[in-house]
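Mapping the sequence shown onto our numbering, position 690 (from 1) lands on 2086, and the numbers just tick up by one.
Okay, structure first, notes after.
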Amino acid sequence: MSARIVAAVAGLLMLLTGAVIAERATAPSDGSVVQLSNQPWRQNEMVIRYVLDDRSGLRGRDVVTRMDGRPPAAAWHSAPARPGEVHVYTVRRGQRLLDVRAEQHGFPLRAAVTRNLATVLFLVALLAMALFVFAHRPGDPAAQVLLIVAALTGCGTTAWLLGADPVALATTGPTPLQVLGEVALAMVWGATLHFALILPGATLRPGRRLVATAYAAPLLLHAAYLTVALPTAAGAAEAVGRLAQVSLAGSTLLPVVGAGLTVLAYRSMPPASRRRTRRVLIPFYGAVAAFVAVWTIPNALGLPVPPERLVPVLFLPWALAIGAAVLRYRWFDIELIVRRSLLYGGLTASVLAIFLTTTWALSSLVGPRPGLAALVASGVVALTAQPLRRFIHRQAGRLVYGDRDDPYEVLARLGTIDAAAAPHRVLQQVVETLARTLRLRYAAIHLGEVEASSGHPLGNATTLELTHGPEVLGRLVLEREPGREPVGRADQQLLDTLMRQVSSTASAVLLSARLQASREQLVLAREEERRRLHHRLHDGLGPALAAHAMQMEIARAQARADPTAADATLRTLISRLRDLGAEARALVDDQRPTALDELGLAEAVRARAPGHLDVTTTVTGDLAGLPPAVEVAAYWIAVEAVHNAARHGGARHCHVRLTRDRRLTVEVTDDGSGLPERLRPGGGFLSMRERAEELGGRWTVGRRPGGGARVLVVLPTDPGPDSHPRLGPGAGTQVPSPGPAPGPP
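Structure representation (C-alpha cells):
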C-alpha cells in the first residue's frame, strides 16, 4: 500500500473523529450516554451507560422503559429534542421503577474528557507511537497498518464512548456519523488481523485476497448477526438500531481470531525477532483475554460490566509494551532514529528550561525588565548549548549504542581482563565485554585452537583480522543489532583502536595456549622416547646379552673337551657382540651423534654425507660452545638437506655454510635440479621445518639463480629477544624421534 494513501486514510479518520466530537458537543443533551454496541439493541429498553451531568436525576445502568409516559419506540420520527426541554423518564433501577425528570442542556464535553481521561491518554499515546513509527518507516507495511489501527481505534472508541442521547436515539435513531464511528470500531479488528499477519520480523506473505478477507471479516460477521437479529426486531426503531451495531459481532469473535493469527506469525519468525515480538504479544494476549472475559461475554449475556473508563486500563500494558519494543528493543528497527530524537528533543528541552529559568531568576532579582532578562538568558543559552549538546549526545549514544562513542571506556574495561587466566575464559570475557559495551548482537573471536563467542549471529557480521606484527592470529567477528547504523568512519576508528588491544590480548592468549600444548607434547615426546629406548633395551640388547652370556658358558665348557668347537663358538660370539656394539652406538647417536663431540659440527656433517657427493663446508665464527639443542638441530637439518640434494636433486656438489654471530645460520646449496619434487609435503622437509620452529628459528627453501636448491635455516643461540621460542603453526605438534640418520642412496 502506498504511504500517501495510508496517510490520507489516517487523516480522514482523524477528521471523522473530530466531526463525531463536534456533533456530540453541539447537540442537546441531558448529560446521559447510551452506547450502541454493548448488547443486542432493544427499542423499548435503553440502558444508560453513564451520566455526566450531576443535575440530572438519571444514574448509570438505569434502564429507560418509558419517555414522557410512552415507550421509547413511540417517539420514532417525532420532533428532535431542543435545549431547555424537560423529559420525564421511567427507569428501572435495580428492582424499582422510578420517574426521573431531565432537562436538555449542552453536552458536557469537559466532563466526558475528565471521566474518560485514561482512555484519552491511551488513544493519544497509541496514535503518537503509530505516527512516530510511520514517519520514520513509511514504506514498512507493518508501520502503515499500525497507523491505520491507531486511527481506527481513535475514531471508533471516541464514537462508542460518547454514545448518543436517549431522546435523540428514540426520535431519529443513530446519526450517520455515529454509524461511521461504529464501522470504524468494527474495522479496528480487521486492521488488527492484517497487522497480525505482517508483524515485524514475521516471514508470512499474505496475499491480497487474504488481506481483503481480514478487512471484510467484521462486515461479514455483522451481516451474519443481522440475519438472526433483524427478523426478531420488534419494530422499525429496533431494526435501525441493530443495523447500526456494526461492531457488536466483530468485537466478540475477531479478538480470538487475531490471537490465533499472531501465533502463526510468531512461529514464522527467526529466534531474534521472536524475542523482540514476545514482549508485545504477551501483554496483547493478556489484554484480549481480559477484555473478552470482563466485557464482551458479560455484555452479550446482559450481565453487569465494569465502567467504560476502566476498559483502556486493560490495553494500557499493551500500548506500553509497543512503546518499549519500539524504543528499547528495536521493534521496527527504529533504534537508528531514537538516538537523534533523544539528542534533539533533550537539547531543545534543556535550552528552553535554561532560558525560562534564567528569565524567571532575573525577573525575581532585578524586577520586570523583559529586554534585559531575554538578553542575559540568550547569552547563558549560547554559552551552555554546545556543552549540553556534547553531554546529551554522549548520554543518548550510551543509552542506545552503549560505549560506542567512548573508546577509552571500552579500552579500560578490556584492560581489566586478566590475560594470564585460562585462554577460553579470557577470550570469553573479551567478547562479552565487547558485546555489552558496544551493544552488539553477536561477537566472536576465532584463534584456531581457541574460540569464544557471545550472542547469536544472523549473518550480517563484520569480520576483522587480528594481527600481531606480521603474523595473522585469527578473526574478530562483530554483528550489530538489526536496525543499527552501519559501520561508519567513526566506528571504523573505534574498531582500529580496539583491534590493537584485542590483538595484544589474543596474542597473549594464543601464546599461552600454544605454550601449554607444547609442554604437553614435550612430555608426550619424552615419554615416547623413553618407551622406545625401553623397548630396544628390554627386547633387543637385554635378551641378546643374556643369550651371549649363555653361549660364553658353553664355549668355556667346550674349551677343555673340544677346543676347535669352542673356538668356533667364540668367533660367532665376537661377531654378534660387534653387532650389539653397533646397535648400542646407534642408540647413543640417536640421542646425540658422537661425531659432534669427536669431529665438530662441520666435519660431522661431511662425515655423514653420501660417498658419491662432493661436500665442502665453510665456517664463519666460533662454533664452540653452541647450545646442545641448537647443535643437534643444525646437524640433523644439514644432514637431511645434503641427503635430499643427493637423493632427489641428483646433485654432485653440495656446499654447507655455517655462520655464528647472535644466531647460527645454516645454508646448504647444491647444483642439482630436483627442487619441485622436494617441495612436496614429505618427511624430510617437514622434519627440517619442525626442528627449526621448535627452537624459535626460521626455515626457508628456494631455487638458486644459477640452478640448484638453497636451504636456509636461522637458529637463535644467545639469550635475548630472538632466543624465545616463536610458537608458530608447527608448535604443539609432536615431532617424531630422529631415528636412523639418512643413509646414502
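Where is the CB? At the ideal position from N, CA and C, for every residue including glycine.
Note that the structure is predicted; figures quoted are calculated from it, not measured.
| Asked | Found |
| --- | --- |
| Just confirm the distance between the C-beta atoms of ILE1444 and SER1433, as a whole number of angstroms; I'd bet it's less than 8 Å. | Not quite, the Cβ-Cβ distance comes to about 15 Å (not below 8 Å), so this is no contact. |
| Span of the beta strand (DSSP E) holding GLY2098? | 2094-2099 |
| Output the distance between the C-alpha atoms of ARG1956 and MET1948, rounded to the nearest integer angstrom. | 14 Å |
| CA-CA distance, ALA1640 and GLN1431? | 11 Å |
| Using a 10 Å radius around the Cβ and a threshold of 16 neighbouring Cβ atoms, would you call VAL2062 buried or exposed? | buried |
| In whole angstroms, what separates the C-alpha of ARG1489 from that of LEU1454? | 10 Å |
| Please identify the residue among THR1554, ALA1598 and THR1549 whose C-alpha is closest to the C-alpha of TRP1585. | THR1549 |
| Below 8 Å on the Cβ atoms is my guess for CYS2050 versus VAL2035; work out the distance and round it to an integer in Å. | Wrong, their Cβ atoms sit about 11 Å apart, outside the cutoff. |
| Can you give me the C-alpha to C-alpha distance between LEU1522 and PRO1679, rounded to a whole angstrom? | 15 Å |
| Assign ILE1594 to one of two classes, buried (16 or more other C-beta atoms within 10 Å of its C-beta) or exposed (fewer than that). | buried |
| Assuming VAL1459 contacts VAL1487 (C-beta within less than 8 Å), just tell me the rounded distance between them. | 6 Å |
| Taking the alpha helix (DSSP H) that ALA1598 belongs to, which residues open and close that run? | Unbroken run through ALA1598: none, as it is neither H nor E. |
| Could you tell me if GLY1884 is buried or exposed, where buried requires 16 or more neighbouring beta carbons within 10 angstroms of its beta carbon? | Residue confidence is low: GLY1884 scores 46 on pLDDT, short of 50, so the model does not pin down where it sits. Its coordinate-derived value is still stated next. Burial call: exposed. |
| Taking the alpha carbon of ILE1417 as the point to measure from, which residue in LEU1862, GLN1574, ALA1539 and VAL2028 has its own alpha carbon closest? | GLN1574 |
| When you compare the region 1549-1563 with the region 1615-1635, are there three or more beta-carbon pairs, one atom per stretch, that lie closer than 8 Å? | no |
| State the DSSP-derived secondary structure class of ARG2002, mapped to helix, strand or coil. | helix |
| With DSSP run on the structure shown, which of helix, strand or coil describes HIS1501? | strand |
| Spell out the partners DSSP gives GLY1851 in its beta bridges. | TYR1838 |
| Helix, strand or coil for GLY1456 per DSSP? | coil |
| Span of the alpha helix (DSSP H) holding ALA2105? | Taken as a continuous stretch (DSSP letters only), ALA2105 belongs to no alpha helix (DSSP H), being part of the beta strand (DSSP E) at 2105-2112. |
| Could you spell out the range, first to last residue, of the alpha helix (DSSP H) harbouring THR1692? | Looking at the DSSP string, THR1692 is not in any alpha helix (DSSP H), and its letter there is neither H nor E. |
| Taking the beta carbon of ILE1544 as the centre, do at least 16 other beta carbons fall within 10 Å, making it buried, or is it exposed? | buried |
| So what does MET2084 bridge to, in DSSP terms? | MET2084 is not bridged to any residue. |
| For the beta strand (DSSP E) containing VAL2064, list its first residue and its last residue. | 2059-2066 |
| Would you mind reading off the limits of the beta strand (DSSP E) that contains HIS2051? | 2049-2056 |
| Please state whether DSSP places TYR1804 in a helix, a strand or coil. | Because TYR1804 sits at a pLDDT of 49, beneath the cut-off of 50, its placement in the model cannot be relied upon, and the point is left open. |
| Could you name the residues of the same chain whose beta carbon sits closer than 6 Å to that of VAL2097, not counting the 5 residues immediately before and after it, in chain order? | VAL2107 |
| Can you name the start and end residues of the beta strand (DSSP E) that VAL2015 belongs to? | 2010-2016 |
| According to DSSP, simplified to helix, strand and coil, what is ALA1655? | helix |
| When DSSP labels each residue in this structure, what does GLU1634 get in the three-state scheme? | helix |
| Closest by CA to PRO2023, which one among ALA2047, ARG1420, ALA2041 and ARG2056? | ARG2056 |
| Could you give the uninterrupted runs of the alpha helix (DSSP H) lying entirely in the region 1920-1986, keeping only those of 4 residues or more? | 1938-1957 |
| Can you check which of these residues, LEU1657, ARG1670 and VAL1652, is closest to ALA1686 by C-alpha distance? | VAL1652 |
| Closest by CA to GLU2089, which one among THR1960, ARG2099, VAL2109 and MET1463? | VAL2109 |
| Can you tell me which of SER1425, GLY1938 and ARG1462 puts its alpha carbon nearest to the alpha carbon of VAL1447? | SER1425 |
| According to DSSP, ASP1495 sits in a beta bridge with which residue or residues? | THR1486 |
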